[in-house]
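These notes are about the structure you will find just below.
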Amino acid sequence: MTKEKIDIKIKPLGFLDLLAFKKLVPTRKKKIAAAAAAPFPGNPPVNALAAQLHPEVQHLKVSEVREETENVKTYKLVADTDRGTERLAFFRPGQYLSLEFKINGSTVTRPYSISSSPQEALNGYYEITIKKDDDGYISGYIHEQWSVGSAVTASGPQGHFYYDNLRDSSNLAAIAGGCGVTPFRSMAKSIVEGDLPVKLTIFYGSNKRQDIIFLEEMEQLAASSNGAVRIVHVLAGEEAEGFEHGFITADLLRKYVDVNDCSFFICGPQAMYNYLSNEIAGLKIRNKYIRRELFGEIKQINNTKGYPAGAVAEMYSVKVHTGSQVRVIEADPSESLLVALERAGFCPPSACRSGSCGVCRSLLIKGEHFIPEDVDARREADKKFGFIHPCISYPLGDLEIILPRKKKD
Amino acid sequence: MSAGSFNESYDAVVIGAGNGGLIAAATLAEKGVKTILFEQHNLPGGFATSFTRGRFEFEPSLHEISDFGPPEDKGNVRILLEDRIGLDAEWMRVPEAYRLIIPDDVGGRIDAVMPFGEEAFLDKMEEYVPGSRPSVVKFIRLCEEVVDAFSYLGQSKGNPDKKVLTGTYANFLKTASYTLQDILDAVKMPYRAQKIITAYWCYLGLGVNLVNFSIFAAMFYRYITREAFIPRYRSHGYTAALEMKIRELGGEIQYNTRVDKILVEDGRVAGVETSQGDKIKTTRVIANASPHSVYSKLIYPQSAVPEIAYKTCNARKVGFSAFVVYLGLDKSASDLGIDEYSYFIYSIPDTNHIYDAFHRLERPVGQATVCLNNAIPDCSPEGTSILYLTTLFDGNCWSDVKPSEYFNLKNKIAEEMIDEFEKAVGVNVRDSIEEIEVATPATFAGYTGAYNGSVYGYEPVPWDSIVPRMMTMNDEKYIGGLEFAGGFAFRCHGYSSSLQSGETAALLTFRDLMEVKSQ
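Chains as they are written, first to last, in my numbering: chain L, 1 to 409; chain P, 1001 to 1519.
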């Protein structure tokens, strides 16, 4: 293309355009000189809104403890104004809090679903409902140590296990096992309060009647929900009038809901997920209609698909660079690297402990490790460059890593 | 504070691992400068990152990088990343410039698919707007001169020959103080051609009556002649590569570490303090943050901020924040009938009215929407696709939103945008949503601490566009040893500007360090 020689004129006379150019800097200086000299807010409105929605930390204290069953307690948590938290962050039913514990020189976290409703957060409290597990280090600690007035350090609300009207069917089928019913209590309450416009059928698997958490309360919620909340109890360990018996099977789901017009929300122990995966696969449901809550750390890593045979052996060593420190620690191959770091007294950042949130993202310098494929939610580039999420990484040899420091307020 | 209480000392501290900060740290580390980069988040990139939901890894903010160029005709950004920094990242070519849809323009619907390449662009424009060619040629020639003039200014390192400027680059000088609309009128471009050629306006976030011509010209010409590129593994693909490169070059990075104070003594940087309790002695700081944030929160003591710094900030307008709907769809792009990569959909024709509407919390009247699979076919599993819809908001119109209304509000706006897209393009995406995430100005503010959630820098109106910023760079240095990088720096916003601003800030810092050493 032949290039045309141009002589642009914006004003009628060309020299006026050059004059306009010469005035650019003086104009700028005039604008600045004429502006207000007062400092402006360091925390403008949108940043303030962000801080309310996503606080880095919420300082809470226990205001009430209720026994739900023999080994399950509900803790009511309120803002601890003495430690600087004025109000609780709003959330979506189904979200969790990551709680931080300092026990015997270790700093560890645990995610717990919020069992109360968002309205209740506006009224000043969250509730979390915790089952004391036989091998539960933290749940045992909570049951023994927490009482009215205990200080609790929590994250802002986290997670993506919630109803979305643009994605989901407005018919929800919740499948819960044991303490996995907690997010559905939040949803049921929210429905009754008029904030969640869905129909919810909860399939709740328990061993025996006495193990059912929120038995009467959920009946009451269902009764006052105008038909929007329904609960189907499924008992594996006994037969009882008015209760389904056995496991939650595809046939059982079909008996109560139209599986082709339903969004499934599943929350329960690892064993339940494994069992349900087969049942649900048979229903040929699109991915978009199945949500699984994260189930936390993997138990019995050596039984996980893809784990090299006979790898769980002796302890390994991990050289850890963090801040300007370097330290070598021991790691038990049957436990995640995150647990090894916590045991050794580091304060590794963490939240979901299920591979998903990426808060514990660290750089592996060298060493062999195992990451279960189905929980590996790392970014593509992180896989390429050797970043790992220690919460789902299991040492298969000596390791060297760069661990980020935990955020501080 | 006396120097003795610092626990470490660095030649330079970089605040923030966004595009500007990462490049600054890599450039300094490469030159052997003892450098530490502090990032408050646990990832590199700032907005140039990625996030995963289910089977999808989403691109949070980038639509396309300009001035990148194909390997055989490298643009400045490719030269910077590949040749000077030696980055290990993969890039994909964006297939077309854009598809512009204005459903209700005064002269009827505009629906134009514009190609890259000057000749192809001109031909297509003539097809859509017969008779437009002479004015469009003239416009493109002016844009070319602007780009050439910027190259010359870059080569002359701040000492251009006035004769060369007034001789070879006279049109550059004559247009520098005007708006885009002024130039469209001067070249007498037909109305519909103006609509089509200005489609990229929303990347600058200012209506055509307000945006400076020079900055638009540079962006437009580089897209049309050098095409557009995107990182294959989302922006995290290259920002993680930058992280690796900085470490490889001996630079340090500390995540989860917010710089709380830039300590100033006698008008010069003396050190920084962080949220982790680090006390660092340094004489050079590069801030990948806005002057608004730095002067209002970081400079310590606050009395070290001169009045003129506040005045400079108050005179300028902080650019828009964004609102983005990310969709992971369980159908392929072709099954959905989404054929293009980049869609600009303007529900009302006048860009100035759209600009005004972005200051109100109401149904969005403009969106830039990307279907990632049309540039990266395997960016999501087979039979799925990624679509993200972006509009802009002035942060202030979100100031009265209550947290209890927030989630419903964001899905309401998201739904309006999806409706608008479906209507304009004639497709259904709503029924295929497998994953959805919605980012609002509060999300952007929360994620990086950006001032009022701004994803753009200061608005590039004629008096605050790249040319006057360059000409006053030295006058407006209010704290000795402090440079700015990123979207708020002198090159204005956008990925390519932010990346290059990091290099400039590093080179200025390096030059100063060398001068001190030689004294």
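Built from N, CA and C at the ideal position, the CB exists for glycine as well. The structure displayed is predicted, hence computed values, not measured ones.
I'd like to know whether the C-beta of L:Ile10 is nearer than 8 Å to at least one C-beta of chain P. For the purposes of this step, residue 10 of chain L is identified with residue 10 of the first sequence, where counting begins at 1. L:Ile10 counts as touching chain P.
If we define contact as Cβ-Cβ less than 8 Å, is P:Met1092 a contact residue for chain L? Taking the second sequence and counting its residues from 1, one reaches residue 1092 of chain P at position 92. Closer than 8 Å to the CB of P:Met1092 there is not a single CB belonging to chain L.
Answer with yes or no whether the minimum CB distance from L:Arg167 to chain P is below 8 Å. Position 167 of the first sequence, counted from the start, is the residue given in the question as residue 167 of chain L. Closer than 8 Å to some Cβ of chain P, the Cβ of L:Arg167 qualifies, so yes.
L:Trp146 - DSSP class collapsed to helix/strand/coil: Position 146 of the first sequence, counted from the first residue, corresponds to residue 146 of chain L. Coil at L:Trp146, not helix or strand.
Chain-ordered chain L contacts of P:Ala1120 [CB-CB under 7 Å]: Within the second sequence, numbered from 1, the residue matching residue 1120 of chain P stands at position 120. Around P:Ala1120, no beta-carbon contact reaches into chain L at under 7 Å, the shortest distance being about 12 Å.
Report the residues of the stretch 1429-1442 of chain P with a CB closer than 9 Å to any CB of chain L, ordered along the chain. For the stretch 1429-1442 of chain P, the residues whose beta carbon sits under 9 Å from a beta carbon of chain L are, in order, Arg1430, Ser1432, Ile1433, Glu1434, Glu1435, Ile1436, Glu1437, Val1438, Thr1440, Pro1441, Ala1442.
Supposed contact pair L:Gly282 and L:Ile248 - C-beta distance, whole angstroms, cut 8 Å: Taking the first residue of the first sequence as 1, we reach residue 248 of chain L at position 248. Taking the first residue of the first sequence as 1, we reach residue 282 of chain L at position 282. Between L:Gly282 and L:Ile248 the Cβ distance is about 13 Å, and since that is not below 8 Å, they are no contact.
Would you call P:Asn1042 buried or exposed, if buried means 16 or more other Cβ atoms sit within 10 Å of its Cβ? Taking the first residue of the second sequence as 1, we reach residue 1042 of chain P at position 42. Classification for P:Asn1042: buried.
L:Ala79 classed as buried or exposed, judged by whether at least 16 other C-beta atoms fall within 10 angstroms: In the first sequence, residue 79 of chain L corresponds to position 79, counting from 1. Counting Cβ neighbours within 10 Å, L:Ala79 comes out buried, since at least 16 surround it.
For a cutoff of 8 Å on Cβ pairs, would you count L:Gln58 as touching chain P? By 1-based counting over the first sequence, the position of residue 58 of chain L is 58. Using beta-carbon distances, L:Gln58 does not count as an interface residue toward chain P, since no partner is under 8 Å.
For P:Arg1078, three-class secondary structure by DSSP: As a position in the second sequence, residue 1078 of chain P is number 78, starting the count at 1. Taken through DSSP and simplified to helix, strand or coil, P:Arg1078 comes out as helix.
I'd like to know if the stretch 1227-1244 of chain P and the stretch 1030-1049 of chain P are in contact, where contact means that at least 3 CB-CB pairs between them fall below 8 Å. A contact is defined here as three or more CB-CB pairs under 8 Å, and the stretch 1227-1244 of chain P meets this definition with respect to the stretch 1030-1049 of chain P.
For L:His54, return the contacting residues in chain P, with the cut-off set at a CB-CB distance below 7 Å. In the first sequence, residue 54 of chain L corresponds to position 54, counting from 1. Here the neighbours are Gly1446.
Examine the Cβ distances between the stretch 1014-1024 of chain P and the stretch 340-349 of chain L and report whether three or more of them are shorter than 8 Å. Not touching, per the Cβ criterion.
Run the CB neighbour count on P:Tyr1255, radius 10 Å, all protein chains shown included, and call it buried at 16 or more, exposed below. Taking the first residue of the second sequence as 1, we reach residue 1255 of chain P at position 255. Classification for P:Tyr1255: buried.
Can you say whether P:Ser1002 is buried or exposed, counting buried as having 16 or more other CB atoms within 10 angstroms of its CB? On the second sequence, position 2 is the one that residue 1002 of chain P refers to. Because P:Ser1002 sits at a pLDDT of 33, beneath the cut-off of 50, its placement in the model cannot be relied upon, and the point is left open.
Element boundaries [beta strand (DSSP E), containing P:Asp1260]: Here the question's residue 1260 of chain P lines up with position 260 in the second sequence. Boundaries of the beta strand (DSSP E) harbouring P:Asp1260: 1259-1265, taken from the DSSP string.
May I have the straight-line CA-CA distance separating P:Ile1466 from P:Asn1171, to the nearest angstrom? In the second sequence, counting from the first residue as 1, residue 1466 of chain P sits at position 466. In the second sequence, counting from the first residue as 1, residue 1171 of chain P sits at position 171. If you draw a straight line from the Cα of P:Ile1466 to the Cα of P:Asn1171, it comes to about 16 Å.
Environment of P:Asn1159 [buried if 16+ CB atoms lie within 10 Å]: The sequence position of residue 1159 of chain P within the second sequence is 159, counting from 1. Exposed.
Beta strand (DSSP E) containing L:Tyr125: first to last residue? Start at 1 with the first residue of the first sequence, and residue 125 of chain L comes out as number 125. Membership of L:Tyr125 in the beta strand (DSSP E) is indicated by the continuous run 125-131.
Can you tell me the Cβ-Cβ gap for L:Tyr316 and L:Gly397, rounded? I've got them flagged as a contact below 8 Å. In the first sequence, counting from the first residue as 1, residue 316 of chain L sits at position 316. In the first sequence, counting from the first residue as 1, residue 397 of chain L sits at position 397. L:Gly397 and L:Tyr316 do touch by the CB rule: their CB atoms are close to 6 Å apart, below 8 Å.
Close Cβ partners of L:Asp133 (< 6 Å) along its chain, the five nearest in sequence each way excluded: Residue mapping note: residue 133 of chain L aligns to position 133 of the first sequence, counting from 1. Closer than 6 Å at the Cβ level, and outside the excluded window around L:Asp133, lie Ser139.
Using 8 Å for Cβ pairs, my map puts L:Phe203 next to L:Ala176. What's the rounded Cβ distance? Against the first sequence, residue 203 of chain L aligns to sequence position 203. Against the first sequence, residue 176 of chain L aligns to sequence position 176. Contact between L:Phe203 and L:Ala176 holds: CB atoms are separated by about 7 Å, below the 8 Å threshold.
To the nearest angstrom, how far is the alpha carbon of L:Thr153 from that of L:Arg87? Walking along the first sequence from the start, residue 153 of chain L turns up at place 153. Walking along the first sequence from the start, residue 87 of chain L turns up at place 87. One alpha carbon belongs to L:Thr153, the other to L:Arg87, and they sit about 14 Å apart.
Please state whether DSSP places L:Lys408 in a helix, a strand or coil. In the first sequence, the residue the question calls residue 408 of chain L occupies position 408. DSSP places L:Lys408 in coil when its eight states are reduced to three.
Quick check for students: name the residue ranges of the alpha helix (DSSP H) that lie wholly in the stretch 1005-1033 of chain P, counting only runs of 4 or more. Within the stretch 1005-1033 of chain P, the runs of alpha helix (DSSP H) at least 4 residues long that lie entirely inside it are, in chain order, 1019-1030.
For P:Arg1055, which residues from the same chain have a beta carbon less than 6 Å from its beta carbon, with the 5 sequence-adjacent residues on both sides left out? What you label residue 1055 of chain P is simply residue 55 of the second sequence in a count that begins at 1. Cβ neighbours of P:Arg1055 within its own chain (closer than 6 Å, five residues either side excluded): Pro1381.
Continuous beta strand (DSSP E) assignments of at least 3 residues falling wholly in the stretch 82-129 of chain L: Listed in chain order, the complete beta strand (DSSP E) runs (minimum 3 residues) inside the stretch 82-129 of chain L are 96-103, 106-113.
Where L:Arg327 falls, given that 16 or more other Cβ within 10 Å makes a residue buried: For the purposes of this step, residue 327 of chain L is taken as the residue at position 327 of the first sequence. L:Arg327 is classed as exposed because its beta carbon has fewer than 16 other beta carbons within 10 Å across all chains shown.
Just to make sure I have the definition right: I need the residues of chain P whose C-beta is within less than 9 Å of the C-beta of L:Val72. Which are they? Counted from its first residue, the first sequence places residue 72 of chain L at position 72. Correct list: empty, because the minimum Cβ distance to chain P is about 29 Å.
Are the C-beta atoms of P:Lys1162 and some chain L residue less than 8 Å apart? Indexing the second sequence from 1 puts residue 1162 of chain P at position 162. No - not a single Cβ of chain L is within 8 Å of the one on P:Lys1162.
Straight-line gap, P:Pro1070 to L:Gln300 (C-alpha atoms, nearest Å): Residue numbering aside, residue 1070 of chain P sits at position 70 when the second sequence is read from its first letter. Residue numbering aside, residue 300 of chain L sits at position 300 when the first sequence is read from its first letter. Those two C-alpha atoms are separated by around 50 Å.
Chain-order list of residues whose beta-carbon lies under 6 Å from that of P:Gln1194 (same chain, five-residue window excluded): Against the second sequence, residue 1194 of chain P aligns to sequence position 194. A distance below 6 Å between beta-carbons, with the five flanking residues on each side excluded, links P:Gln1194 to the following residues of its chain, in chain order: Leu1184.
Name, going along the chain, the residues of the stretch 1319-1330 of chain P whose beta-carbon falls closer than 8 Å to a beta-carbon of chain L. From the stretch 1319-1330 of chain P, only Ser1321, Asp1330 have a Cβ closer than 8 Å to chain L.
Cα-Cα, which of P:Leu1062, P:Ser1050, P:Arg1226, P:Phe1216 is closest to P:Glu1548? Lying outside 1001 to 1519, the shown extent of chain P, residue 1548 of chain P is not represented and no answer is given.
P:Asn1314 touches chain L at which residues, Cβ-Cβ below 7 Å? By one-based count along the second sequence, residue 1314 of chain P stands at place 314. Under the 7 Å cutoff, chain L gives Ala35, Ala36, Phe40.
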